[in-house]
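The listed protein sequences correspond, in order, to chains G and Y.
If you're matching positions, the first sequence starts at 1 in the UniProt record's numbering and goes up one per residue.
If you're matching positions, the second sequence starts at 1 in the UniProt record's numbering and goes up one per residue.
Following: one structure in structure tokens, then a few remarks.
2 protein chains.
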Amino acid sequence: MSYNKTASITAETINPKVKIFDYEPCGEIARHAERLEQEMEKSPGSRPFPEITYCNLGNPQALGQRPITFFREVLSLCDNPALLRRDETRMLFSPCAINRARKIIESMPGRNSGAYTNSQGIRSLREAVASGIAARDGFPSRPEDIFLTDGASSAINLSMQILIRSQEDGVLCPLPEYPLYSASIILHGGTMVPYNLSEDGDWGLEIFEVKRCLEEARIAGLTVRAMVIINPGNPTGQVLSVTNQEEIVEFCRKEGLVMLADEVYQDNVYVEDRKFHSFKKVARSLGYDENDISIVSFHSVSMGFSGECGRRGGYMEICGFGDDVMDEIRKVASVTLCPNIGGQILTSLAMDPPKLGDGCFENFMAEKEDIRLSLAKRAKTLASAFSSLEGMTCNRVEGAIYAFPRIHLPAAAIKAAKAEGMSPDLFYACRLLDATGIAVVPGSGFHQVSPFLFYLFIRTASGRKKKRVLSST
Amino acid sequence: MSYNKTASITAETINPKVKIFDYEPCGEIARHAERLEQEMEKSPGSRPFPEITYCNLGNPQALGQRPITFFREVLSLCDNPALLRRDETRMLFSPCAINRARKIIESMPGRNSGAYTNSQGIRSLREAVASGIAARDGFPSRPEDIFLTDGASSAINLSMQILIRSQEDGVLCPLPEYPLYSASIILHGGTMVPYNLSEDGDWGLEIFEVKRCLEEARIAGLTVRAMVIINPGNPTGQVLSVTNQEEIVEFCRKEGLVMLADEVYQDNVYVEDRKFHSFKKVARSLGYDENDISIVSFHSVSMGFSGECGRRGGYMEICGFGDDVMDEIRKVASVTLCPNIGGQILTSLAMDPPKLGDGCFENFMAEKEDIRLSLAKRAKTLASAFSSLEGMTCNRVEGAIYAFPRIHLPAAAIKAAKAEGMSPDLFYACRLLDATGIAVVPGSGFHQVSPFLFYLFIRTASGRKKKRVLSST
Chain G
1 MSYNKTASIT AETINPKVKI FDYEPCGEIA RHAERLEQEM EKSPGSRPFP EITYCNLGNP
61 QALGQRPITF FREVLSLCDN PALLRRDETR MLFSPCAINR ARKIIESMPG RNSGAYTNSQ
121 GIRSLREAVA SGIAARDGFP SRPEDIFLTD GASSAINLSM QILIRSQEDG VLCPLPEYPL
181 YSASIILHGG TMVPYNLSED GDWGLEIFEV KRCLEEARIA GLTVRAMVII NPGNPTGQVL
241 SVTNQEEIVE FCRKEGLVML ADEVYQDNVY VEDRKFHSFK KVARSLGYDE NDISIVSFHS
301 VSMGFSGECG RRGGYMEICG FGDDVMDEIR KVASVTLCPN IGGQILTSLA MDPPKLGDGC
361 FENFMAEKED IRLSLAKRAK TLASAFSSLE GMTCNRVEGA IYAFPRIHLP AAAIKAAKAE
421 GMSPDLFYAC RLLDATGIAV VPGSGFHQVS PFLFYLFIRT ASGRKKKRVL SST
Chain Y
1 MSYNKTASIT AETINPKVKI FDYEPCGEIA RHAERLEQEM EKSPGSRPFP EITYCNLGNP
61 QALGQRPITF FREVLSLCDN PALLRRDETR MLFSPCAINR ARKIIESMPG RNSGAYTNSQ
121 GIRSLREAVA SGIAARDGFP SRPEDIFLTD GASSAINLSM QILIRSQEDG VLCPLPEYPL
181 YSASIILHGG TMVPYNLSED GDWGLEIFEV KRCLEEARIA GLTVRAMVII NPGNPTGQVL
241 SVTNQEEIVE FCRKEGLVML ADEVYQDNVY VEDRKFHSFK KVARSLGYDE NDISIVSFHS
301 VSMGFSGECG RRGGYMEICG FGDDVMDEIR KVASVTLCPN IGGQILTSLA MDPPKLGDGC
361 FENFMAEKED IRLSLAKRAK TLASAFSSLE GMTCNRVEGA IYAFPRIHLP AAAIKAAKAE
421 GMSPDLFYAC RLLDATGIAV VPGSGFHQVS PFLFYLFIRT ASGRKKKRVL SST
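So this is what it looks like as structure tokens:
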């Protein structure tokens with residue numbers, strides 16, 4: 001008998017877990033946008049817009065947000081430490097960056113920035129992160145509890161890998177959801193237990209709704225192990241109130257749920273009446289220590305004022321797991337050896353930035369404030385613009401870098417979508433892309449369930465070069 | 001009823017797949033070495049050696065191998081593209097590196113090195129990799145088939161995720177094995193089907209042995225989907241002959257197995273009578289195209305002459321999967337958004353290095369040759385040194401950066417190990433570490449099964465600073 005490749009892997013014989021999830025930010029619309037872009041390259045002027053504006057992914061630097069100078073100078077010096085021995089370097093780099101790079105290089109294995117590091121990340125960089133967390137929260141943080149990671153997504157995947165044993169294990173996740181969560185839960189063989197955020201309540205989290213979902217899941221035989229909370233919200237942009245956070249902490253503590261706190265937008269808050277508080281800080285303020293509640297907090301350098309998405313830097317802080325569990329997590333982390341060094345360095349810089357008195361402090365603060373103001377202004381402009389359009393409503397964007405407006409499509413549009421075998425929101429997003437070159441993600445990509453609400457996901461990331469479209473820098 | 005954290009995750013309730021694998025290169029010996037290091041920091045002079053020599057992991061730059069200047073210059077410039085607009089830059093960087101960095105930056109989304117890229121990696125960098133592969137093999141390579149990855153380990157994990165559906169799916173792997181494979185197979189819920197390499201045949205791969213293992217696995221009810229071949233071998237250092245490779249290609253084709261070709265040591269070959277040939281080249285030379293056989297080749301910048309382990313750069317080239325399977329792979333890759341940009345750049349540089357005529361060509365070649373010669377010399381010295389010791393034998397090290405000697409321990413040592421509840425090879429490795437500061441991995445960490453053979457895993461990576469121990473630069 002003769003075999004051929006079809007015996008080994010086809011779309012029919014691929015791991016089915018891979019097939020059943022979707023990841024819409026990189027899905028149908030993104031592919032459609034790429035096709036248009038190629039078409040426009042071949043026939044310039046063939047569309048009524050000069051280029052595609054990719055609002056389908058939170059990717060600030062792709063839309064012109066500039067990186068923080070201090071961060072890039074330090075990275076550049078750490079990549080090429082020979083520069084630290086040359087006088088001319090002082091003409092090109094700030095003394096501040098030179099000092100920091102020297103300090104980082106000296107703490108590296110072999111004083112070299114190209115070796116595998118500890119799987120958790122270089123100790124001195126974890127110390128910098130821990131001290132940044134302690135300064136932010138006013139509560140201690142230990143480098144042993146910090147895992148530097150290739151962005152938040154690897155940290156989230158690792159957490160799911162640790163927690164999920166089988167389909168009988170559930171994880172509570174907000175809806176509309178950032179689809180990384182459903183993808184990761186499905187890939188690790190577990191069950192997502194969605195809870196609805198309240199659009200009428202500014203995308204707030206209502207604890208009775210979460211409780212209802214937890215109880216239903218338990219009745220269905222699931223062991224619910226953890227609750228994901230995204231604050232500020234992705235894709236919904238809300239910032240939770242402290243009172244609401246306290247309720248959530250109490251709830252998770254009482255129900256024995258690990259809190260998976262996605263706090264990657266902690267530096268993206270745009271309204272006066274809301275402030276970011278980490279869940280660890282809220283728990284500690286309530287008097288709960290690690291014996292009372294387990295909290296994993298995720299953060300990254302992709303958003304905030306750094307916007308260094310492609311550098312894949314991030315961390316998770318794990319509080320309240322036993323030493324034996326921590327050992328297992330370290331072992332799993334060691335399978336991919338270590339997080340990338342550039343991302344490790346950036347993460348330490350973002351959590352331990354220049355301080356008052358450092359030579360580059362003023363410049364750093366000015367760059368940071370410029371980005372913050374621009375984002376805040378556009379968050380406001382975008383939400384008001386949507387709300388002023390016929391058939392569209394949009395909650396205010398309190399934080400993160402997304403707007404999630406609601407679109408009331410006419411019956412004829414819904415019918416036309418049906419005729420093309422598309423969901424109405426995908427149909428709308430395709431038409432929008434064809435007419436304007438703006439790529440957005442349909443709300444169904446975030447598993448927004450109510451059948452007659454149509455959502456769009458529109459980025460409000462800081463962009464200098466493409467202000468034509470976002471128009472409010 | 002009041003719950004607490006112990007309800008949610010403990011060593012008893014963690015995903016059991018996480019518990020059952022081991023990863024010895026970062027395991028017991030590594031932890032013991034770190035404890036010693038801390039002890040020596042507190043009480044200098046407390047041990048008869050000044051520092052720990054970490055030979056437990058292939059980590060060249062940690063032992064003093066210097067990075068390639070051109071690589072680091074380009075990285076440094078891409079991190080801080082502002083340098084490309086300054087005249088002073090020419091005093092610090094070669095024109096060669098400036099040109100390449102400019103070319104790379106211009107091909108990036110938003111001309112910025114901090115944005116998410118395509119999940120497969122930046123197209124221009126994949127083109128560079130594909131052209132490097134084509135030049136190496138003399139057969140075409142397409143950028144669509146290249147996935148840039150965070151080192152080879154993420155690529156291997158992704159492949160297992162795609163292939164493995166359940167415990168009934170098996171993957172053939174060599175023994176002694178690089179334990180990433182068993183870890184990844186276990187974590188993805190599959191079954192490893194080991195085949196023994198022949199120590200008496202210079203760690204060669206005997207096709208009848210593989211066939212025997214495949215047949216046994218099939219009788220046991222497994223669907224064997226793929227065969228892992230590591231060439232040059234890790235941890236065993238053999239380089240396969242073309243004849244042997246041809247047999248393997250024929251075997252996989254006939255049996256319908258996906259070839260997972262771990263080719264990360266392709267630039268580490270030290271003997272005149274062996275040369276590296278990619279499995280794709282061998283298959284194409286036999287006249288087989290992608291309709292005949294599926295091959296995934298893994299490579300990284302961690303080894304070879306670059307030794308950039310911590311930068312986490314690598315690629316996989318996938319040939320012979322259908323378009324629908326490729327789409328699923330792209331979707332899975334998009335869940336972690338994109339590989340880190342520094343690693344992507346390095347991978348393109350390693351596969352598309354300076355050419356004859358480029359200003360920095362000579363310097364690049366001199367650095368590369370220096371590293372190659374040093375590694376080749378030490379590979380030889382180390383294997384002869386082991387073979388000259390009483391109770392030790394060692395095959396020649398043809399490639400990779402490891403020696404895998406066999407140690408015949410006396411009965412008393414085996415008894416002493418038993419008394420301490422350790423495997424004899426772990427016992428020996430601990431004693432070696434305590435007496436000399438050299439950390440090696442016991443052979444059992446590579447799942448070497450024969451009960452009375454004791455193996456040590458000794459790094460032969462290029463090291464300038466620590467030649468005291470390796471003594472042969």
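The beta-carbon is built from N, C-alpha and C at its ideal position, and this holds for glycine as well.
Predicted, not measured: the structure shown is a model, and the values here were computed from it.
P451 of chain G to G58 of chain Y span [Cα, whole Å] = Only weak support is given to the placement of P451 of chain G: the predicted model assigns it a pLDDT of 48, under 50, and the value that follows is read from those uncertain coordinates. Counting only the Cα atoms, G58 of chain Y lies some 54 Å from P451 of chain G.
Determine the burial state of E199 of chain Y: buried for a count of at least 16 other Cβ atoms within 10 Å of its Cβ, exposed for fewer.
-> With a 10 Å radius around the Cβ and a threshold of 16 neighbouring Cβ atoms, E199 of chain Y comes out buried.
In the segment 137-156 of chain Y, which residues sit with their C-beta less than 9 Å from some C-beta in chain G, listed in chain order?
-> Here the close residues are D150, G151, S153, S154.
Cβ of D79 of chain Y less than 8 Å from any chain G Cβ?
-> So, interface residue.
Whole alpha helix (DSSP H) elements within the segment 173-227 of chain G, 4-residue minimum | Counting only runs that start and end inside the segment 173-227 of chain G, the alpha helix (DSSP H) elements of at least 4 residues fall at 180-187, 207-219.
Nearest chain G C-beta to D289 of chain Y closer than 8 Å, yes or no?
-> Taking Cβ atoms only, chain G never reaches closer than 8 Å to D289 of chain Y, which makes this a no.
From the beta carbon of F452 of chain Y, is the nearest beta carbon of chain G less than 8 Å away?
-> Its pLDDT being 49, under 50, F452 of chain Y is placed unreliably by the model, and nothing is read from it.
When the distance is taken between beta carbons, is S131 of chain Y closer than 8 Å to N157 of chain Y?
-> Against a cut-off of 8 Å, the Cβ pair of S131 of chain Y and N157 of chain Y comes out as no contact.
Go through its chain and collect everything with a Cβ distance to I438 of chain Y's Cβ below 7 Å, but skip five positions before and after it.
-> T53, C55, L432, V469.
Given a threshold of 16 other Cβ atoms within 10 Å of its Cβ, counted over all protein chains shown, does V242 of chain G qualify as buried or as exposed?
-> Answer is exposed; the Cβ neighbour count stays below 16.
Any residues in the segment 383-417 of chain G with a beta carbon nearer than 8 Å to a beta carbon of chain Y? Which ones, in chain order?
-> Taking 8 Å as the upper bound on Cβ-Cβ separation, chain Y lies near no residue of the segment 383-417 of chain G.
Which whole runs of the beta strand (DSSP E) in the segment 247-294 of chain G are 3 residues long or more, in chain order?
-> Counting whole runs of 3 or more residues, the segment 247-294 of chain G contains the beta strand (DSSP E) stretches 258-262.
Could you check what DSSP says for S472 of chain G in three-state terms: helix, strand or coil?
-> Note that S472 of chain G scores a pLDDT of 28, beneath 50, so its modelled location is shaky and nothing firm can be said.
Is Q120 of chain Y closer than 8 Å to L163 of chain Y when the C-beta atoms are compared?
-> No, they are not a contact pair.
Does the beta carbon of F321 of chain Y come closer than 8 Å to any beta carbon on chain G?
-> Cβ-Cβ to chain G under 8 Å: yes for F321 of chain Y.
Compare the C-beta of A226 of chain Y against all C-beta atoms of chain G and say whether one is closer than 8 Å.
-> For A226 of chain Y, the answer is yes, since a Cβ of chain G falls inside 8 Å of its Cβ.
For I229 of chain Y, which residues from the same chain have a beta carbon less than 8 Å from its beta carbon, with the 5 sequence-adjacent residues on both sides left out?
-> Excluding positions up to five away in sequence, the list reads P174, L205, L240, I248, M259, L260, A261, D262, F279.
Does A62 of chain G get closer than 8 Å to chain Y when you measure Cβ to Cβ?
-> A62 of chain G belongs to the set of residues whose beta carbon lies under 8 Å from a beta carbon in chain Y.
Would you give the residue range spanned by the beta strand (DSSP E) that C338 of chain Y belongs to?
-> Per DSSP, C338 of chain Y belongs to no beta strand (DSSP E) and is neither H nor E.
In whole angstroms, what is the alpha-carbon distance linking A115 of chain Y and C338 of chain G?
-> In this structure, the CA atom of A115 of chain Y is about 22 Å from the CA atom of C338 of chain G.
S462 of chain Y burial status per 10 Å Cβ neighbour count (16 or more: buried) | In this prediction, S462 of chain Y scores a pLDDT of 48, lower than 50, which makes its location untrustworthy; no coordinate-derived value is stated.
Ignore the nearest five residues each way along the sequence and tell me which others in S334 of chain G's own chain have a CB closer than 7 Å to its CB.
-> So the qualifying residues of the chain are S119.
Given a threshold of 16 other Cβ atoms within 10 Å of its Cβ, counted over all protein chains shown, does F112 of chain Y qualify as buried or as exposed?
-> According to the sequence displayed, residue 112 of chain Y carries Asn and not Phe. Taking a 10 Å sphere around the C-beta of N112 of chain Y, we find 16 or more other C-beta atoms and assign the residue as buried.
Exposure of G221 of chain Y, with buried meaning 16 or more beta-carbon neighbours within 10 Å | It is exposed - the Cβ of G221 of chain Y has fewer than 16 other Cβ atoms within 10 Å.
In or out: E12 of chain Y buried (at least 16 other Cβ within 10 Å) or exposed?
-> E12 of chain Y should be labelled exposed.
Do S8 of chain G and L286 of chain Y have their C-beta atoms within less than 8 Å of each other?
-> Cβ distance not < 8 Å, so S8 of chain G and L286 of chain Y don't count as in contact.
Would you mind telling me which residues of chain Y sit closer than 7 Å to T89 of chain G, beta carbon to beta carbon, in chain order?
-> Here the neighbours are L92.
Would the beta-carbon of V301 of chain Y fall within 8 Å of that of T347 of chain Y?
-> The answer is yes: Cβ separation under 8 Å.
Could you tell me whether any Cβ in chain G is nearer than 8 Å to the Cβ of K368 of chain Y?
-> Interface with chain G (8 Å Cβ-Cβ cutoff): K368 of chain Y is excluded.
What are the partner residues of D169 of chain G, as DSSP defines its beta bridges?
-> DSSP lists G:T223 as partners of D169 of chain G.
Three or more C-beta pairs closer than 8 Å, one from the segment 164-171 of chain Y and one from the segment 224-238 of chain Y: is that the case here?
-> Because the criterion of three Cβ pairs below 8 Å is met, the segment 164-171 of chain Y and the segment 224-238 of chain Y touch.
Can you tell which of Y:V193, Y:K415, Y:L92, Y:N291 has its C-alpha closest to the C-alpha of L84 of chain G?
-> Minimum Cα distance to L84 of chain G is reached at Y:L92.
Would a check of beta-carbon distances place V18 of chain Y closer than 8 Å to chain G?
-> With 8 Å as the cut-off, V18 of chain Y counts as an interface residue toward chain G.
Do you know offhand how far M422 of chain G's Cα is from E39 of chain G's?
-> Between M422 of chain G and E39 of chain G, the C-alpha separation is close to 23 Å.
In chain order, what residues of the same chain lie with their CB nearer than 6 Å to the CB of T6 of chain Y, ignoring the 5 residues before and after it?
-> Here T6 of chain Y scores only 42 on pLDDT, less than 50, and its place in the model should not be relied on; the value that follows carries that caveat. Contacts found: none.
Of the listed residues Y:L36, Y:G110, Y:Q61, nearest to C309 of chain G (C-alpha basis) | For C309 of chain G, the nearest C-alpha among the options comes from Y:G110.
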